[in-house]
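Please read the structure below before turning to the comments.
Number of protein chains: 2
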Amino acid sequence: MTDTRQKNVATSHDGSSDGTAAGSYSITQLSQEFDISPRTIRFYEDKGLLNPDRSKYRRAYSKRDRVRLMLILRGKRIGFTLDESLELFDIYDSGTGEETQLRHWYSLLNKHEIRLEQNKKDIEELLAEVKSTKSHCQQLIAKKADD
Amino acid sequence: MTDTRQKNVATSHDGSSDGTAAGSYSITQLSQEFDISPRTIRFYEDKGLLNPDRSKYRRAYSKRDRVRLMLILRGKRIGFTLDESLELFDIYDSGTGEETQLRHWYSLLNKHEIRLEQNKKDIEELLAEVKSTKSHCQQLIAKKADD
DNA sequence: ACGTAAGCAGAAGTTAACGTAAACTAGATA
DNA sequence: TATCTAGTTTACGTTAACTTCTGCTTACGT
């Protein structure tokens with residue numbers, strides 16, 4: 119997990135200069151944009167995280183798939199498992215249902231919110247420590263420079 | 119990784135009522151305080167993350183070990199690997215050295231800082247989404263209540 | 001002295017999240 | 001028509017971070 123991903127935020131604005139339908143992406147387009155392997159993208163599909171159009175031989179990914187991929191990777195960076203991302207997607211998708219279900223989704227959202235707030239606190243504390251250590255380190259370097 | 123840990127923030131203030139030396143903890147004390155198994159704590163030791171006193175048969179953990187354990191778990195929650203936590207510990211421990219080394223540590227600290235800032239951004243974006251979905255969900259529930 | 005609970009080490013098993021290899025295919029190009 | 005390229009499936013391999021199991025040792029209460 120020594121990431122540092124997200125290289126080229128590809129400018130495939132429309133992508134209708136090639137054979138792909140408007141607003142859809144090929145597997146390599148996505149893999150290049152997000153710097154992950156095609157295998158990984160197919161793996162996410164197996165897990166139910168992505169649902170590209172499979173009417174033709176080659177998979178065609180919608181904008182929705184692209185957004186999901188972004189969310190998956192964002193979630194991963196902060197320690198979400200794929201299953202947890204899937205859980206969140208299911209909540210978003212489920213849209214409108216019965217009241218009991220709505221309450222269920224609401225409590226799940228709450229659970230995630232609480233966790234995210236905890237994560238935020240954790241990060242802020244760690245950042246504070248790292249920053250103070252950095253400045254301490256800088257002072258030492260400055261002193262060494264007095265030679 | 120569906121955590122929600124940190125149950126009892128144990129009040130072992132001194133712990134000299136039992137056989138343990140002042141300011142030291144047993145493996146079960148720590149495992150209960152942080153809700154992890156003793157085996158896991160030994161596992162962290164194998165990885166070089168903890169260094170309890172092993173002069174006697176039973177391990178004795180210092181305050182330093184306890185703090186480290188907290189940091190390991192905090193790191194885990196935000197997606198750090200054990201190796202990365204170890205790397206951070208090594209930086210802290212290394213103390214004062216030669217200028218070239220100091221510069222090296224500084225760059226490592228910088229690397230972690232950048233990553234943490236990215237994580238923070240990720241979390242804030244996710245939090246915003248979750249919150250808006252929550253309020254949307256709430257509105258739907260309110261409407262359903264009109265019966 | 002004895003039973004038993006707590007601690008120990010070693011090894012094998014488990015889960016998540018992919019990577020790698022082999023063998024196949026559809027569509028474009030020469 | 002041949003071949004080349006990007007894409008496909010299937011299956012096994014790998015790494016991290018543990019858990020579970022086995023079999024042993026030490027300390028404690030009676």
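Protein chains in written order, with the numbering used here: chain W, 119 to 265; chain U, 119 to 265. Where is the CB? At the ideal position from N, CA and C, for every residue including glycine.
In the displayed model, Asp-171 of chain W falls within a strand according to three-state DSSP.
Close partners of Tyr-143 of chain U in chain W (Cβ separation under 7 Å) are lacking, with about 22 Å as the shortest Cβ gap. Membership of Phe-152 of chain U in the alpha helix (DSSP H) is indicated by the continuous run 145 to 152. Annotation for Leu-189 of chain W: Ser-203 place their beta carbon closer than 7 Å to its own, counting only its chain and skipping 5 residues before and after. Rounded to whole angstroms, the separation of the alpha carbons of Gly-141 of chain U and Lys-181 of chain U is 6 Å. The beta carbons of Asn-237 of chain U and Ile-209 of chain W sit no closer together than 8 Å. For Arg-221 of chain W, the enclosing alpha helix (DSSP H) stretches over residues 217 to 262. When Cβ pairs closer than 8 Å are counted between the two stretches, the stretch 218 to 227 of chain W is seen to touch the stretch 255 to 263 of chain U, the count reaching three or more. Identification of chain U residues near Glu-217 of chain W by a Cβ-Cβ cut-off of 7 Å yields Ile-259, Lys-262, ordered along the chain.
Not a single C-beta of chain W is nearer than 8 Å to the C-beta of His-222 of chain U.
For Ser-203 of chain U, the enclosing alpha helix (DSSP H) begins and ends at 200 to 211. Tyr-179 of chain U has U:Tyr-143 as its beta-bridge partners, per DSSP.
The straight-line gap separating the alpha-carbon atoms of Arg-176 of chain W and Glu-217 of chain W is approximately 40 Å. From the listed residues U:Ala-246, U:Glu-247, U:Arg-192, U:Ala-263, the smallest Cα separation to Glu-247 of chain W is found for U:Arg-192. Look at Gly-193 of chain U here: in three-state DSSP terms it is helix.
Chain-order list of chain U residues neighbouring Tyr-210 of chain W: Thr-251, by C-beta distance under 8 Å.
Secondary structure note for Asp-164 of chain W: its alpha helix (DSSP H) is the uninterrupted segment 156 to 164. A residue is called buried once 16 or more other Cβ atoms fall within 10 Å of its Cβ, and Asp-183 of chain U is buried on that count.
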